[in-house]
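What follows is a single structure, written as structure tokens, with notes after it.
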Amino acid sequence: MSSRRSQDDAPAPTGIARYRIETPAEPSADERGERYYMASSWTLIRRRFLKHRLAVFGSVILLIIYLLAAFAGFFSVADTYERHPDHLFAPPTRVRLFHDGRLHRPFVYGLNVGRHPETLAPVYEDDREQIFPVRFLVHGHEYRVIGLFSSTLHLLGVDRPGYVFLFGTDSLGRDMFSRVLSGARISLSIGLLGVTISFVLGCLLGGVSGYFGGAADMVVQRIIEFLQSLPTIPLWMALAAAVPLNWPPLRIYFMITVILSLVGWTGLARVVRGKILQLRVEDYVMAAAVAGAPERAIIFRHLLPGFMSYLVVHITLAVPYMILGETALSFIGIGLRPPVVSWGVMLQQAQNVRTVALHPWLLIPALFVVFTVLCFNFAGDGLRDVADPYKQ
Amino acid sequence: MLHYIVRRIIFMAVLLLVLSLVSFLIIQLPPGDYLSTMIQNMRNLGMTVDDEMIRALEDRYGLDKPVMLQYLKWFGNLLQGDMGRSFQWNEEVTDLILERLALTVTISVASLILVYVLAVPIGIYSATHPYSPADYVFTVAGFIGLATPNFLLALILMYLTFTHLGWSVGGLFSRDYVLEPWSIGKVIDLLKHLPIPLIVIGTAGTAEIIRILRGSLLDELAKQYVITARAKGLREGVILFKYPVRLALNPIISTIGYLLPAIVAGETLVSIVLSLPTIGPLLLRALQAQDMYLAGSMVMLLSGLAMLGTLVSDLMLVSIDPRIRFENEARA
């Protein structure tokens with residue numbers, strides 16, 4: 005490649021030529037073609053994926069949400085369980101920039117708590133006399149960083165007696181913003197854990213079904229058909245209701261995940277089986293078998309990488325179903341239960357229309373659920389388009 | 014054809030048998046045995062429980078026998094239409110479920126019809142006008158529809174109608190009609206209450222069908238026979254509806270198979286949120302109270318219903334498209 009370029013440049017040894025050598029020239033069609041053939045399939049996948057705007061947008065947002073969840077303690081402004089008895093159902097605090105028409109550093113007003121004369125419900129009013137500037141990197145309540153070490157550092161906060169409830173507070177006066185962040189940890193990780201379980205089951209059973217065929221295939225296919233014809237929610241409800249109430253939260257969390265994966269693996273098993281049936285007859289697999297490769301090696305070294313990209317697509321599209329499942333079960337009160345915080349558990353407070361009408365910020369976790377699922381769908385859609393980079 | 018139908022029905026019977034095992038497992042799952050829970054409950058309600066009654070119960074469910082025999086007994090009773098007794102309601106499960114089941118079926122089938130009535134025209138429009146503003150609107154709406162779980166949509170709709178219109182949505186009947194026997198007035202009342210639940214239950218399905226139909230119709234429209242037809246000077250309407258739409262509808266019909274279980278599942282949750290008098294809320298309450306004969310029977314019925322729907326859709330598919338062979342392999 006370089007020799008060709010120097011030949012092109014040879015007739016004009018001027019400043020322009022030097023300039024052209026210093027910055028890489030626009031590649032010719034030939035070079036682009038050559039690069040295309042030289043590129044690994046993963047490079048092609050990455051390139052195509054980056055062209056898919058919505059998919060890139062979705063994955064970036066997902067990354068941000070997962071980071072927020074992982075470092076929930078740092079981003080939160082109050083302890084998840086801390087109650088503010090004099091701030092029940094406080095509306096979201098507005099962070100302001102102008103005080104008396106003049107620019108000010110970000111601040112919040114103090115809150116005056118009154119009582120509604122008839123309903124006795126708390127009524128909140130900004131106290132324009134009190135100004136609490138929003139401070140960054142402040143020390144507050146203690147939390148664990150990914151369970152490794154403790155810290156008291158927070159991204160932002162205000163001095164007491166001011167409060168900054170970005171998403172308002174719930175019926176017990178707990179900060180919704182901090183709870184949404186820490187609920188994200190449960191809601192989002194249940195999706196990943198559930199998909200992992202489905203992935204193992206799906207690869208194993210789908211692989212057996214596709215590779216060995218015959219009776220094994222028959223049995224697995226019938227099981228899949230059976231599970232897919234069941235309405236999931238009633239089945240999940242029945243199984244989740246059977247989880248003993250007195251189990252520790254972690255065990256309940258795990259059981260719910262297993263219940264959600266019970267049906268989730270079937271779709272994956274179908275993909276694996278179909279792809280294995282398709283790839284099994286390829287020449288290179290035959291060659292491996294003739295060369296005496298053991299079946300394990302054929303499956304894991306030769307067949308599996310051949311359709312890994314399809315599995316990634318399927319997984320990306322399966323995670324949101326798990327998240328929705330957990331949210332639904334917890335919402336109706338038979339999935340995770342307080343004191344565990346998840347988006348579904350938080351939404352339990354939003355079951356009553358009248359409560360929601362008075363305190364619409366209780367629906368904020370729902371927005372997070374929808375947005376996360378939407379982003380997973382965008383990312384999955386983009387991945388599906390690039391799963392086979394050689395398809396034009 | 015007949016051979017295929019018979020085989021499918023036999024397979025269906027086997028599935029139902031497996032389903033009954035699963036349902037019985039659900040009944041057996043909660044800790045503690047049924048009899049002691051029941052006696053405890055009856056005592057709590059202030060009823061006297063004598064030995065004779067206990068013996069009658071033991072006899073009915075075969076509770077003094079091993080689990081396998083209990084299952085056989087339960088299954089035998091089920092075949093005779095006896096699904097056990099709900100101690101929470103102190104009523105026969107069959108009596109409790111029947112009317113609710115009828116409403117569940119009505120709502121599920123009506124949502125299914127709504128899904129197709131909405132999705133097919135929109136899908137055809139989107140495919141014939143790809144990348145037009147309306148197509149983009151439908152695509153975005155479809156994405157959001159897929160991402161919003163039914164019960165949240167129900168909640169949000171309830172919130173919006175409550176705050177903006179002042180209506181308190183929920184239920185299937187007005188207060189005057191809840192306890193009334195069926196009459197024309199009650200049916201009209203039901204029809205008035207149906208739209209919101211149907212829209213809520215149908216959204217996800219509609220979004221999905223639009224996406225599938227748009228994709229497959231776009232594929233068909235790019236094929237040579239369409240170009241040939243256009244070159245011959247056929248009218249666009251004829252070109253569209255004579256072959257491509259018919260072909261593109263195929264995957265749609267085969268989706269009934271999994272759309273129906275999804276709709277039944279969605280209906281369960283939406284009913285709980287909107288407090289519709291269908292199976293959903295009853296199931297939830299039964300599960301919370303560990304009223305297991307009631308819960309198990311309901312899971313059994315709902316799943317059986319979904320399976321029956323799948324069977325019907327498969328048979329429909331075969332009768333519509335002669336190219337589908339009556340082989341199991343063809344379905345995989």
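Just so you know, the protein sequences line up as chains A and B, in that order. Take the first sequence: its letter number 76 is residue 80 in the numbering used here, and every next letter is one higher. Take the second sequence: its letter number 85 is residue 98 in the numbering used here, and every next letter is one higher. The beta-carbon is built from N, C-alpha and C at its ideal position, and this holds for glycine as well.
At 7 Å on the CB atoms, spell out the chain B contacts of residue i, in chain order.
{"i": "Phe-335(A)", "result": "Phe-164"}
{"i": "Pro-342(A)", "result": "Result: empty, since nearest Cβ-Cβ is about 16 Å, beyond 7 Å."}
{"i": "Phe-230(A)", "result": "Leu-28, Val-31"}
Closest to residue i by CA distance: which of the options is it?
{"i": "Leu-378(A)", "options": "Arg-73(B), Ala-217(B), Leu-15(B)", "result": "Ala-217(B)"}
{"i": "Gly-348(A)", "options": "Val-357(A), Cys-207(A), Ile-194(A), Leu-234(A)", "result": "Ile-194(A)"}
{"i": "His-177(B)", "options": "Phe-382(A), Arg-358(A), Asn-381(A)", "result": "Arg-358(A)"}
{"i": "Phe-203(A)", "options": "His-56(A), Phe-79(A), Val-317(A)", "result": "Val-317(A)"}
{"i": "Gln-276(A)", "options": "Gly-386(A), Ile-368(A), Ile-69(A), Gly-210(A)", "result": "For the sequence presented, residue 276(A) should be read as Val rather than Gln. Nearest C-alpha to Val-276(A): Gly-210(A)."}
{"i": "Ile-336(A)", "options": "Ser-288(B), Asp-327(B), Ile-222(B)", "result": "Ser-288(B)"}
{"i": "Glu-129(A)", "options": "Leu-107(A), Leu-101(A), His-158(A), Thr-97(A)", "result": "Thr-97(A)"}
{"i": "Leu-114(B)", "options": "Gly-293(B), Ser-326(B), Val-331(B)", "result": "Gly-293(B)"}
{"i": "Gly-317(B)", "options": "Val-239(B), Leu-32(B), Glu-233(B)", "result": "Leu-32(B)"}
{"i": "Ile-126(B)", "options": "Tyr-306(B), Leu-272(B), Ala-278(B), Ser-332(B)", "result": "Leu-272(B)"}
{"i": "Pro-165(A)", "options": "Leu-254(A), Arg-57(A), Val-117(A), Leu-58(A)", "result": "Val-117(A)"}
{"i": "Tyr-264(A)", "options": "Phe-230(A), His-306(A), Ala-291(A), Leu-197(A)", "result": "First, the residue type needs correcting, since residue 264(A) is Leu and not Tyr in the sequence shown. Selected option, being the one with the closest Cα: Leu-197(A)."}
{"i": "Val-360(A)", "options": "Leu-30(B), Phe-156(B), Arg-56(B), Tyr-172(B)", "result": "Tyr-172(B)"}
{"i": "Ile-120(B)", "options": "Ile-214(B), Thr-141(B), Glu-221(B)", "result": "Ile-214(B)"}
{"i": "Thr-141(B)", "options": "Gln-83(B), Gly-322(B), Glu-233(B)", "result": "Glu-233(B)"}
{"i": "Trp-240(A)", "options": "Phe-230(A), Leu-266(A), Tyr-257(A)", "result": "Leu-266(A)"}
{"i": "Gly-206(A)", "options": "Ser-175(A), Gly-268(A), Phe-216(A)", "result": "Gly-268(A)"}
{"i": "Thr-47(A)", "options": "Ser-313(A), Thr-376(A), Ile-338(A), Phe-216(A)", "result": "Ser-313(A)"}
{"i": "Val-99(A)", "options": "Val-149(A), Gly-62(A), Leu-160(A)", "result": "Leu-160(A)"}
{"i": "His-206(B)", "options": "Ala-123(B), Val-80(B), Leu-260(B)", "result": "Ala-123(B)"}
{"i": "Glu-221(B)", "options": "Val-200(B), Pro-264(B), Ala-69(B), Arg-21(B)", "result": "Pro-264(B)"}
{"i": "Asp-163(A)", "options": "Phe-304(A), Ser-334(A), Arg-50(A), Val-138(A)", "result": "Val-138(A)"}
{"i": "Leu-295(B)", "options": "Leu-70(B), Glu-112(B), Thr-241(B)", "result": "Glu-112(B)"}
Taking Cβ-Cβ distances shorter than 9 Å, what residues in chain B pair up with residue i?
{"i": "Pro-96(A)", "result": "Result: empty, since nearest Cβ-Cβ is about 16 Å, beyond 9 Å."}
{"i": "Leu-378(A)", "result": "Phe-156, Ile-157, Leu-159, Ala-160, Thr-161"}
What in chain A is Cβ-close to residue i, meaning under 9 Å?
{"i": "Phe-175(B)", "result": "Val-357, Arg-358, Val-360, Ala-361"}
{"i": "Ala-235(B)", "result": "Here the premise fails: no neighbours, minimum Cβ distance about 14 Å."}
If the criterion is Cβ atoms closer than 8 Å, does the pair residue i and residue j meet it?
{"i": "Ala-299(B)", "j": "Ala-308(B)", "result": "yes"}
{"i": "Pro-43(B)", "j": "Ala-273(A)", "result": "no"}
{"i": "Met-258(B)", "j": "Leu-230(B)", "result": "Inspection of the sequence shows that residue 258(B) is occupied by Val rather than by Met. Contact: yes."}
{"i": "Thr-107(B)", "j": "Thr-291(B)", "result": "no"}
{"i": "Phe-311(A)", "j": "Leu-281(A)", "result": "no"}
{"i": "Ile-226(B)", "j": "Val-133(B)", "result": "Before going on, a small fix: residue 226(B) reads as Leu here, not Ile. Yes, they are a contact pair."}
{"i": "Pro-210(B)", "j": "Pro-235(A)", "result": "no"}
{"i": "Tyr-306(B)", "j": "Met-96(B)", "result": "yes"}
{"i": "Ile-228(A)", "j": "Ala-278(B)", "result": "no"}
{"i": "Met-329(B)", "j": "Ile-266(B)", "result": "yes"}
{"i": "Ser-213(A)", "j": "Asp-221(A)", "result": "yes"}
{"i": "Ile-150(A)", "j": "Ala-73(A)", "result": "no"}
{"i": "Ile-269(B)", "j": "Gly-228(B)", "result": "no"}
{"i": "Ile-302(A)", "j": "Val-289(A)", "result": "yes"}
{"i": "Leu-152(A)", "j": "Leu-141(A)", "result": "no"}
{"i": "Leu-340(A)", "j": "Ser-334(A)", "result": "yes"}
List the residues of chain B whose Cβ lies closer than 8 Å to the Cβ of residue i, in chain order.
{"i": "Leu-66(A)", "result": "Simply none; closest approach about 13 Å."}
{"i": "Thr-173(A)", "result": "Ordered by position in chain B, no residue passes the 8 Å Cβ test against Thr-173(A), which lies about 19 Å from the chain."}
{"i": "Met-259(A)", "result": "Correct list: empty, because the minimum Cβ distance to chain B is about 12 Å."}
{"i": "Met-180(A)", "result": "Under the 8 Å cutoff, chain B gives no residues; its nearest Cβ is about 16 Å from Met-180(A)."}
Residue i and residue j look like a contact to me (Cβ under 8 Å); what is the Cβ gap, rounded to whole Å?
{"i": "Thr-84(A)", "j": "Val-345(A)", "result": "6 Å"}
{"i": "Met-311(B)", "j": "Ile-110(B)", "result": "6 Å"}
{"i": "Arg-189(A)", "j": "Ala-76(A)", "result": "6 Å"}
{"i": "Ile-135(B)", "j": "Phe-151(B)", "result": "6 Å"}
{"i": "Leu-192(A)", "j": "Tyr-70(A)", "result": "6 Å"}
Which chain A residues sit within Cβ distance under 7 Å of residue i?
{"i": "Thr-161(B)", "result": "Val-374"}
Going along chain A, which residues have a C-beta under 8 Å from residue i?
{"i": "Tyr-172(B)", "result": "Val-357, Val-360, Ala-361, Pro-364, Leu-367"}
{"i": "Ile-18(B)", "result": "Those do not exist, as Ile-18(B) stays about 17 Å from chain A at its closest Cβ, beyond 8 Å."}
{"i": "Gln-53(B)", "result": "Ordered by position in chain A, no residue passes the 8 Å Cβ test against Gln-53(B), which lies about 17 Å from the chain."}
inquiry  = Whether or not the segment 292 to 304 of chain A and the segment 356 to 370 of chain A are in contact is what I'm after, with contact meaning three or more pairs of Cβ atoms, one per stretch, closer than 8 Å; do they touch?
reply    = no
inquiry  = For the pair the segment 334 to 351 of chain A and the segment 178 to 197 of chain A, tell me if three or more CB-CB distances fall below 8 Å.
reply    = yes
request  = Answer yes if the segment 111 to 123 of chain A comes into contact with the segment 133 to 151 of chain A, meaning at least three C-beta pairs across the two stretches below 8 Å, and no otherwise.
outcome  = yes
message = Closer than 8 Å is the cut-off here; do at least three beta carbon pairs connect the segment 276 to 285 of chain B with the segment 161 to 170 of chain B?
response = yes
message = Quick check: the segment 73 to 93 of chain A against the segment 102 to 109 of chain A, are at least 3 beta-carbon pairs closer than 8 Å?
response = no
task = Mind the definition here: the segment 142 to 162 of chain B touches the segment 317 to 336 of chain A only if three or more C-beta pairs lie below 8 Å; say whether that holds.
result = yes
ask   = Counting Cβ pairs, one atom from each stretch, are 3 or more of them under 8 Å apart for the segment 65 to 79 of chain A and the segment 379 to 387 of chain A?
value = yes
query = Are at least three pairs of beta-carbons, each pair with one atom in the segment 144 to 163 of chain A and one in the segment 69 to 81 of chain A, less than 8 Å apart?
reply = yes
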